[in-house]
Every structure is written in structure tokens, then in C-alpha cells.
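Q: Below is a structure I'd like to ask you about.
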Amino acid sequence: MLREIGAPVDRDLARSKLPQHIKATPDLYISIPAALEWIARTGHDLHPMELGLLAARKASLSSLCPAQQAALNTTQTGLKRLEALAASSRFEDSVLEMGIRQEGDDVRVICDMAGLGRHPFMCLAEWLNLQAVISVVSSVAGPSWNPRGICFASRSHPTEAVQAAFPDTRILVDQPHTSVTVGRTTDARSDRVCKRSAGLVGARR
1 MLREIGAPVD
11 RDLARSKLPQ
21 HIKATPDLYI
31 SIPAALEWIA
41 RTGHDLHPME
51 LGLLAARKAS
61 LSSLCPAQQA
71 ALNTTQTGLK
81 RLEALAASSR
91 FEDSVLEMGI
101 RQEGDDVRVI
111 CDMAGLGRHP
121 FMCLAEWLNL
131 QAVISVVSSV
141 AGPSWNPRGI
151 CFASRSHPTE
161 AVQAAFPDTR
171 ILVDQPHTSV
181 TVGRTTDARS
191 DRVCKRSAGL
201 VGARR
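Take a look at the structure:
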């Protein structure tokens with residue numbers, strides 16, 4: 001994504017504290033704070049919030065690891081898929097603390113990252129975790145679905161591009177938790193879609 005916006009990736013990587021062979025070893029464990037600083041510096045022409053959004057838009061369910069994809073494929077409704085994502089995340093990301101909380105008629109999916117504190121560029125990492133949740137719900141609610149609310153622990157304010165991408169979503173920053181709010185009606189609607197799809201499959205047999 002950085003190359004697509006014309007960022008000097010190779011030059012800045014050579015000057016960074018990151019391993020120089022990182023491109024050949026994508027599964028290599030690296031310092032998240034160091035990675036965030038490098039991404040923000042290399043893509044400095046864009047506001048961190050917008051840079052994070054662009055990276056998130058490149059992600060989808062296929063970006064998840066095979067184990068997580070397999071766990072999601074065994075479930076149908078949005079809530080069940082979110083529960084599967086939260087359960088599998090404990091084994092796939094040692095710094096991600098994901099949980100689901102009932103709040104009235106809504107469900108809040110929390111995606112906190114341990115050890116980042118109030119890192120100035122933490123929104124870059126937050127976006128990727130938030131997008132995973134959005135992709136999971138969209139897989140059953142439809143591609144046009146948008147969350148009721150998005151909360152960032154980051155203090156970076158959303159740009160016009162971010163607001164335009166989520167026109168019907170309440171976006172808050174400097175919050176205690178990184179989270180996505182999903183309306184219960186969304187899960188009910190996704191349940192009906194899944195049942196209808198299952199009926200169509202059964203009718204074809």
C-alpha cells in the first residue's frame with residue numbers, strides 16, 4: 001500500500017531499525033512500536049488516520065490466518081463469527097486482547113493491544129484490528145454494512161476521508177478501549193440471510 005502512494009519504502013526501510021530482510025520473511029516477529037513509527041514516517045504525506053484506513057481497506061477475511069478462517073467457516077451468524085474470531089485471536093496475536101461485551105441492544109467488540117500505551121501512531125494498528133471485525137460482520141450482513149460506532153484509543157482525530165468512509169458511524173477517539181459497536185438487529189438480519197441461503201442450497205439438492 002505504501003508503494004501505491006509513492007512512498008520511499010526501500011530507502012526508509014534501509015534507514016529504519018527494522019530487519020532489512022523483513023520483506024522476505026513476512027512472519028518474522030518485530031517490534032510493533034518500531035513498525036508503527038516506520039510506517040508513519042514512510043507514509044508521512046498522509047495523516048495517520050487516513051493511512052491506517054487505506055491499509056485497512058486492503059484487508060479482508062482472506063487476510064486472516066488459515067486457522068481463523070477455518071474457525072469462521074464453521075459458524076453462520078454475525079455474533080457466532082465474532083465469538084470465533086475473538087477466541088482464535090488469543091492464539092494468533094499475543095498482544096491483541098479481543099472480547100465481546102453486551103451493551104443494551106448492541107454488542108461491543110473490544111480490540112485492545114497490550115503494551116502500546118498511548119503510542120502516537122497506534123491508530124495504524126487499531127485500524128487493522130477494527131477492519132477484521134468489520135469484515136467478519138460484513139461477510140454475513142452484506143458489503144454495505146457499517147458499524148454503529150467505532151472507538152479508538154488513539155488521540156488522532158478522523159479526517160474527512162475517514163468520515164466519508166463511515167458516514168453513518170459515530171467515531172470517537174481517546175477512548176479507554178478500541179472497539180466496534182454492532183447493533184443486535186444486524187445479527188438478527190444476518191441470521192435470516194444465513195437461513196435463507198441454507199434453504200436455497202437445500203432446495204437445489
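For the sequence shown, UniProt numbering gives the first residue as 1, with consecutive numbering after it. Where is the CB? At the ideal position from N, CA and C, for every residue including glycine.
Is the beta carbon of valine 136 less than 7 Å from the beta carbon of valine 180?
A: Contact flag unset, no.
Q: Can you tell me where the beta strand (DSSP E) holding leucine 172 begins and where it ends?
A: 170–172 is the extent of the beta strand (DSSP E) around leucine 172.
Q: Checking 7 Å against the spacing of the C-beta atoms, do residue 272 and phenylalanine 166 come in under that value?
A: Nothing about residue 272 can be reported from this structure: the residues present for the chain run from 1 to 205 only.
Q: From tryptophan 38 to arginine 108, what distance separates their C-alpha atoms?
A: So the two alpha carbons sit approximately 31 Å from each other.
Q: Considering only residues of the same chain and omitting the five flanking positions on each side of methionine 49, which have a CB-CB separation below 6 Å?
A: The residues are Cys123, Ser156, Pro158, Thr159 and Val162.
Q: Kindly indicate which three-state DSSP category glutamine 102 falls into: helix, strand or coil?
A: In this structure, glutamine 102 counts as strand in the three-state DSSP scheme.
Q: How is the beta strand (DSSP E) around cysteine 123 delimited, first residue to last?
A: Cysteine 123 -> not in any beta strand (DSSP E); alpha helix (DSSP H) instead, spanning 123–141.
Q: On the criterion of 16 or more Cβ atoms from any shown chain inside 10 Å, does serine 154 qualify as buried, or is it exposed?
A: Serine 154 comes out buried.
Q: Quick one: Cα of leucine 18 to Cα of isoleucine 30, how far?
A: Rounded to whole angstroms, leucine 18 to isoleucine 30 spans 7 Å at the Cα level.
Q: Express the C-alpha separation of alanine 40 and arginine 15 in angstroms, rounding to a whole number.
A: Looking at the two C-alpha atoms, the distance is approximately 14 Å.
Q: Over what stretch of residues does the beta strand (DSSP E) that includes threonine 181 continue unbroken?
A: 179–183 is the extent of the beta strand (DSSP E) around threonine 181.
Q: Going by the beta-carbon positions, is the gap between isoleucine 110 and glycine 117 smaller than 7 Å?
A: Result no, Cβ atoms of isoleucine 110 and glycine 117 do not sit closer than 7 Å.
Q: Alpha carbon to alpha carbon, what distance is there between aspartate 168 and glycine 104?
A: So the alpha carbons of these two residues sit roughly 20 Å apart.
Q: Secondary structure at leucine 116, three-state DSSP: helix, strand or coil?
A: Three-state result, leucine 116: coil.
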